[in-house]
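**Student:**
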Amino acid sequence: MQKRKVIFQEDLCKGCELCKIACPRGIIKMADYINTMGYHPAQLSEPEKCSGCLSCALMCPDVVIRVERGGVA
Amino acid sequence: MAVVFERPKSLKETKFHYCPGCHHGIIHRLVAEVIDELKLQEKTIAILPVGCAVLGYEYFDVDCIEAAHGRAPAVATGVKRCRPETFVFTYQGDGDLASIGTAEIIHAAARGENISVIYVNNAIYGMTGGQMAPTTLLGQKTTTSPQGRKAELTGYPLRVCEMLATLQGVTYLERTSVHDPKHVRKTKKAIKEAFQVQLAGKGFALVEVLSACPTNWRMSPERALDFVKNQMINYYPLGVFKSLEEVE
Ligand SMILES: Cc1ncc(C[n+]2csc(CCOP(=O)(O)OP(=O)(O)O)c2C)c(N)n1
Ligand code: SF4
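The listed protein sequences correspond, in order, to chains B and G.
Letter by letter, the first sequence follows residues 1 to 73 of our numbering.
Letter by letter, the second sequence follows residues 1001 to 1248 of our numbering.
1) Are the region 1210-1224 of chain G and the region 1151-1163 of chain G touching by the rule of at least three beta carbon pairs closer than 8 Å?
2) Would residue 1198 of chain G and residue 1116 of chain G qualify as a contact pair, given that the criterion is a beta-carbon distance under 8 Å?
3) With a CB to CB cut of under 7 Å and the five nearest residues on each side skipped, what residues in its chain are close to residue 13 of chain B?
4) Residues of chain G with CB closer than 9 Å to the CB of residue 17 of chain B, please, in chain order.
5) Do you know offhand how far residue 1237 of chain G's Cα is from residue 1086 of chain G's?
6) Can you name the start and end residues of the alpha helix (DSSP H) that residue 1232 of chain G belongs to?
7) Using 8 Å as the limit for Cβ to Cβ distance, is residue 1126 of chain G near chain B?
8) Determine whether the Cβ of residue 44 of chain B lies closer than 8 Å to any Cβ atom of chain C.
9) Taking only beta-carbon positions, decide if residue 14 of chain B is within less than 8 Å of chain G.
10) Could you name the residues, in chain order, whose CB is less than 6 Å away from a heavy atom belonging to ligand 2?
11) Just the chain G side, please: which residues come within less than 9 Å of residue 70 of chain B by C-beta, in chain order?
12) For a test of the three-state rule: what should DSSP assign to residue 1258 of chain G, helix, strand or coil?
13) Report the three-state DSSP secondary structure of residue 1143 of chain G (helix, strand or coil).
14) Can residue 1049 of chain G and residue 1092 of chain G be called in contact, C-beta distance under 8 Å?
15) Have a look at G:1066, G:1131 and G:1169 and flag the residue whose alpha-carbon is nearest the alpha-carbon of residue 1154 of chain G.
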């Protein structure tokens, strides 16, 4: 299977952590900086471990996450 | 590069005003995804509630009407009867649908109106600051039940699906939840099923989605997920209460 690339639109993120809780590989962490809304946005800590399962995107209440196929993960 | 997951077309780019971790956002996205998949954007009229989803017209990229509190099923009835070629759904909270709008939802269901209802049950009045709803669980603390809801004083929480299942006019009823990815997928399937009932002209369909209100539950979004999973589902069991096969 081709690699999938998970992209976070950081300025939409409210730091609720639902994606982090859902990630079966535990590779989502909250940034140590804040975004324009004042929240710590979610990001992938180890993108190479991502299986592209979509769990994070399914749970995100703010449609922060976009997933593409064929990129370098 | 192929896109595997992205913002549905029927959802505007506008940032949601919902609190962090509020499930309204997940449910909005699922509704928009189904509208896209069934190619309904051009013919949809959404009827929006009073409650936190009152600003839904800022988010759904379809024609929208804002109903008075609880009256969305009555407005939907009028729209669908006058314009039967349109696709009409209501999006309502539990305060809207199961409190002030109880009469409207029951009679729209009893008449078997050919409309679809998305019923978001978060067991509280979110928008107004967390008062008790008819759906608030026994023992649940709200601003108007600070010691926890007591049956002696305010009776028992209303199970809408179970109640509507007794009505002959109803075609499709399912209760789902969005507390984990598996249930999010199931909820989308239920919404699709409900929308298809209307497209086939088969009558009234309602999907109740259990939803978290971390802010007024006074919980972190993570603990709110646990509350849905361990408390709400206990009292509000998930499942299909009525389906097209049963009706036919
Ligand atoms: C006629 C009328 N009565 C009362 C209100 C106050 N009010 C606004 S929203 C709301 C309840 C909303 O709760 P719910 O439907 O559960 O939606 P949520 O905000 O939890 O998503 C109430 C009582 C109103 N706006 N109009
Ligand atoms: S008050 Fe509750 S229902 Fe309303 S946006 Fe906030 S979390 Fe969601």
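Note that beta-carbon positions come from the ideal geometry of N, C-alpha and C, so glycine has one too.
**Tutor:** Checking against the coordinates, here is how it stands:
1) no
2) The sequence position of residue 1198 of chain G within the second sequence is 198, counting from 1. The sequence position of residue 1116 of chain G within the second sequence is 116, counting from 1. Yes.
3) Here residue 13 of chain B corresponds to residue number 13 of the first sequence, with the count starting at 1. If we look at residue 13 of chain B and ignore the five residues flanking it on each side, its Cβ neighbours are 35, 39, 41, 42, 62 and 64.
4) Position 17 of the first sequence, counted from the start, is the residue given in the question as residue 17 of chain B. Result: 1020, 1021, 1220, 1221 and 1222.
5) Numbered from 1 along the second sequence, position 237 holds the residue referred to as residue 1237 of chain G. Numbered from 1 along the second sequence, position 86 holds the residue referred to as residue 1086 of chain G. Taking the straight line from one Cα to the other gives about 33 Å.
6) Here residue 1232 of chain G is taken as the residue at index 232 of the second sequence, counted from 1. Careful: residue 1232 of chain G lies outside any alpha helix (DSSP H) and carries neither H nor E.
7) If you number the second sequence from 1, residue 1126 of chain G lands on position 126. Chain B contact via Cβ: absent.
8) Chain labels in this structure do not include chain C; the protein chains are B and G.
9) Start at 1 with the first residue of the first sequence, and residue 14 of chain B comes out as number 14. It does; some Cβ of chain G falls within 8 Å.
10) G:1018, G:1019, G:1022, G:1024, G:1052, G:1122, G:1126, G:1127, G:1213, G:1214, G:1215 and G:1216
11) Numbered from 1 along the first sequence, position 70 holds the residue referred to as residue 70 of chain B. By Cβ distance, chain G contributes 1001 and 1002.
12) With chain G covering only 1001 through 1248, there is no way to say anything about residue 1258 of chain G.
13) Locating residue 1143 of chain G in the second sequence gives position 143, where the first residue counts as 1. Of the three classes helix, strand and coil, the one that applies to residue 1143 of chain G here is coil, per DSSP.
14) The residue given as residue 1049 of chain G occupies position 49 in the second sequence. The residue given as residue 1092 of chain G occupies position 92 in the second sequence. Yes. Within cutoff.
15) Your numbering for residue 1154 of chain G matches position 154 in the second sequence. Answer by Cα proximity: G:1131.
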